[in-house]
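One structure is given here, and the rest of the page talks about it.
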Amino acid sequence: MVDVVVVGAGFAGMYALHTFRRQGLSVQVIEAGSDVGGTWYWNRYPGARCDVPSLEYSFGFSESLEQDWSWPEVFSAQPEILKYANHIADRFDLRRDIKFNSRVVEVRYDETNNKWRLRTESGETFSAKYCVMATGCLSVPNKPELPGAEQFGGLELHTGLWPKDEPDLSGLKVGIVGTGSSGVQAIPELAKMCGELTVFQRTPVYTVPANRKAMRTAVEQEFKDNYRDIRARQQDNQGGVSNFRPVKSVPKNAGLSVEQPYRANEIKPLTPAARRSQLEQKGLGEILNFRDVYTDTEANEIANDLFRDFVREMVADPEVAERLLPKDYGLGCKRQVLDRDYYATFNRDNVTLVDVRDTPIQQITTNGVQTTSQHFDLDALIYATGFDAMTGALLKSDIHGRGDRTLNEKWQYGPQAYLGLQMEGFPNLFTVTGPGSPSVLCNMLVAIEQHVNWISEAINYVESSGLRTMEPTEAAELDWVAHVNSVAEGTMYTAPSCNSWYLGANIPNKPRIFMPYVGGYPQYRERCEAIVANAYEGFQFT
Ligand code: FAD
Ligand code: NAP
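Structure, rendered in structure tokens:
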């Protein structure tokens, strides 16, 4: 029996443990993996990398941690981020309160005793007054049901469940399904390491080249000298990034993030020659910085056309280039993808692109993939097919609230939560970066710190006021959900042509709802603060 049980030991669970301990609570963390790191523990595929600058995608709660840690690159690769997570676990002595290799399969509210009771796959049980689900927005890998998949006799991999011992793919015939962020990062690396690579693409992607600068000591030092100012700026930025520009050296786009690029100008008023010349001078990534692209359909189409022209120039075979062009949705609909040599990879002799819209996969065979046009012999098949995002990990945890009502019942038409922090009917249960919060539209470390701090303060309020339970009212929850929907309307994210995991569109039968809060991180944070200042408006207590 502890005060708080936390599910998940990614960055959210780790920071929750540290924070709750500091406020004098006893804490037990339960984690399915064998160590800390969450996303960066599971996603070890070749090319995995963060696209928020490392000096920003890092915790701000400890000044000494900020000063001591060094990042070798401006945008870190997975092994470096995992090292950082491990360092945090060691530095703050976190592992002694984390139960690893334990997947929570049931979370049940015991109303009589006001306790949350959790059960793991192995039958172990835990109980606590408070339950914090730090289970991640992108932690349940999606493996589509392709006919015959179970009979494949070769090596099967998923980017989100990559083995710790790097599989040796040298000389092998490898197939990969999926061209989202993970696929686009993995494909150039796989092409270099395997014999032949066949890419099974359903929807072409808009991807722009990533910054690949090594960290310069002077730039890092300037960040470290200004960290308090940088953290303050993150709090006031829509995507939780400071966009701090080091004076000593300003590598192009060094401080930019796909979450909140610097949107300087508009594309529509420019002449075609001026548009092209801007991209030629500044790189294709500049296309993301035209602010009208995200709100004006005509500007969006201009940008999409221009993007396609650039791809045609990068890919040698015109037929392959044509297949790589996104045509039925616009920039700004899906999570922006960044790459390293993605298009150039299709100029290699050992890479084949298969458009599974033209020639659908009929079935996975014992030794490859059969499409409507031919059989592809494969030694290994990689699924880069994404995640059951935002709600997947919560629903899979089988949460039962008051009166035995399950979260699955409550969310049958889509997620309903107040601020992405709590749900009516589930007293004292909190979610970190839950649906209805900025979460995946923000630098997630900033979002995580804000949520954990808010939850910590809320628990403190309940405890110090001698209260028993805390949960939102249904009215407050419904108002918030309506607000979340209304701010997403009219953006490219919810355009009728758009199908993204933000909308749940990647999972069959998932309700089509735009799940994250697009109104901006500062607006959201201020709302959370105002609610506290207003005696926890919208919450009810016993
Ligand atoms: P996670 O890291 O997902 O951790 C959740 C943990 O909970 C996991 O370890 C999981 O095993 C555990 N868990 C879940 N359910 C259970 C259960 N029932 N029982 C026990 N344990 C459970 N964000 C950015 O801001 N910038 C980026 O550039 C960026 N890049 C990304 C790249 C990839 C490949 C992916 C997949 C995500 C990326 N993200 C990025 C989002 C990333 O998920 C967050 O930045 C952050 O790491 C989330 O931390 P978390 O602790 O909330 O969740
Ligand atoms: P994703 O964006 O959902 O992409 C999945 C891919 O698999 C899509 O191309 C999808 O095609 C394809 N796919 C799914 N089912 C298929 C099927 N049955 N047949 C053929 N193709 C199928 O997933 P992801 O690439 O793992 O990325 C998820 C999120 O993780 C990102 O959006 C991002 O937030 C995060 N991430 C970030 C980075 C980074 O650079 N920082 C890197 C990796 C991941 P359709 O589009 O047609 O469905």
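At position 244 of the sequence shown (counting the first as 1) the number is 686 in the numbering used here, and the numbers step up by one without a gap.
Virtual Cβ for every residue (Gly too), placed ideally from N, Cα, C.
Just so you know, these numbers come straight off a predicted model, no measurement behind them.
Those residues which DSSP pairs with residue i across a bridge
| i | result |
| --- | --- |
| Y860 | Q864 |
| N558 | It is Trp, not Asn, that sits at residue 558 in the sequence shown. DSSP, once it has assigned bridges, lists Y551, A570 as partnering W558. |
| I672 | In DSSP, I672 forms no bridge with anything. |
| T481 | Answer is none; T481 lacks a bridge partner. |
| K988 | The structure shown does not extend to residue 988, since the chain is modelled only from 443 through 984, so no value can be given for it. |
| A822 | L597, V616 |
| H925 | H925 is not bridged to any residue. |
| R491 | A519 |
| E638 | K615 |
| P583 | F829 |
Residue from the options whose Cα sits closest to the Cα of residue i
| i | options | result |
| --- | --- | --- |
| E498 | Q677, S624, A628 | Q677 |
| R754 | Q470, S581, F981, A763 | A763 |
| Y855 | H600, Y935, G946 | G946 |
| R799 | D821, N809, E743, S815 | S815 |
| Y487 | F983, N850, I824 | I824 |
| N668 | K655, N885, V689, N653 | V689 |
| W604 | N885, A826, L863, V904 | A826 |
| L730 | I806, R675, A652 | A652 |
| D781 | T461, W943, K615, G622 | G622 |
| G810 | K655, E592, C940 | E592 |
| M912 | R967, W943, P964, Y978 | Y978 |
| E743 | V616, V516, P714 | P714 |
| V547 | N556, L560, T554 | L560 |
| K987 | R675, R969, V647, Q680 | Residue 987 is absent from the model: the chain starts at 443 and stops at 984. |
| A531 | G479, A745, R969 | G479 |
C-alpha distance - residue i paired with residue j, whole-angstrom precision
| i | j | result |
| --- | --- | --- |
| T640 | I618 | 6 Å |
| Y860 | F686 | 32 Å |
| T649 | A786 | 12 Å |
| S476 | K606 | 11 Å |
| T659 | C775 | 37 Å |
| V700 | V779 | Bear in mind that the predicted position of V700 carries a pLDDT of just 49, short of 50, making it unreliable; the figure below should be weighed with that in mind. Each residue's alpha carbon lies about 8 Å from the other. |
| Q720 | L536 | 49 Å |
| N584 | S906 | 42 Å |
| S881 | A576 | 12 Å |
| G450 | I897 | 16 Å |
| T739 | L766 | 22 Å |
| A570 | I841 | 14 Å |
| E971 | T737 | 29 Å |
| S518 | I803 | 35 Å |
| G828 | R644 | 13 Å |
| K952 | G834 | 10 Å |
| K710 | N789 | 32 Å |
| A924 | E866 | 16 Å |
| R670 | P521 | 27 Å |
| A454 | D819 | 42 Å |
| S839 | F872 | 14 Å |
| S879 | E566 | 32 Å |
Reduced DSSP category for residue i - H, G, I as helix; E, B as strand; rest coil
| i | result |
| --- | --- |
| Q593 | helix |
| T649 | strand |
| Q677 | helix |
| Y855 | coil |
| V779 | strand |
| G727 | helix |
| G810 | strand |
| P630 | helix |
| M575 | strand |
| L524 | helix |
| K694 | Only weak support exists for where K694 lies, its pLDDT of 45 falling under 50; the value from the coordinates is given anyway. Reduced to three states, the DSSP call for K694 is coil. |
| M886 | helix |
| S699 | Because S699 carries a pLDDT of 48, less than 50, the predicted location of this residue cannot be relied on, and no value is offered for it. |
| R658 | coil |
| I388 | Nothing can be reported for residue 388: it is not among the residues displayed for the chain, which extend from 443 to 984. |
| N707 | strand |
| D734 | helix |
| T461 | helix |
| Q643 | strand |
| I540 | strand |
| F686 | coil |
| F752 | helix |
Any non-hydrogen atom of the ligand MN closer than 7 Å to residue i Cβ
| i | result |
| --- | --- |
| V796 | Because the ligand MN does not appear in the structure shown, any question about it cannot be addressed here, the ligands present being the ligand FAD and the ligand NAP. |
Exercise. With a cut-off of 8 Å, do at least 3 Cβ pairs link the stretch 589-599 to the stretch 740-757?
Worked result: no
Exercise. Pairing CB atoms from the stretch 955-967 with CB atoms from the stretch 932-944, are three or more of them under 8 Å?
Worked result: yes
Problem set entry | Meets three-Cβ-pair contact criterion under 8 Å: the stretch 626-635 and the stretch 846-854 | no
Problem set entry | Touch test, the stretch 870-890 against the stretch 497-511, Cβ-Cβ under 8 Å, three pairs minimum | yes
Problem set entry | Touch test, the stretch 506-515 against the stretch 539-554, Cβ-Cβ under 8 Å, three pairs minimum | no
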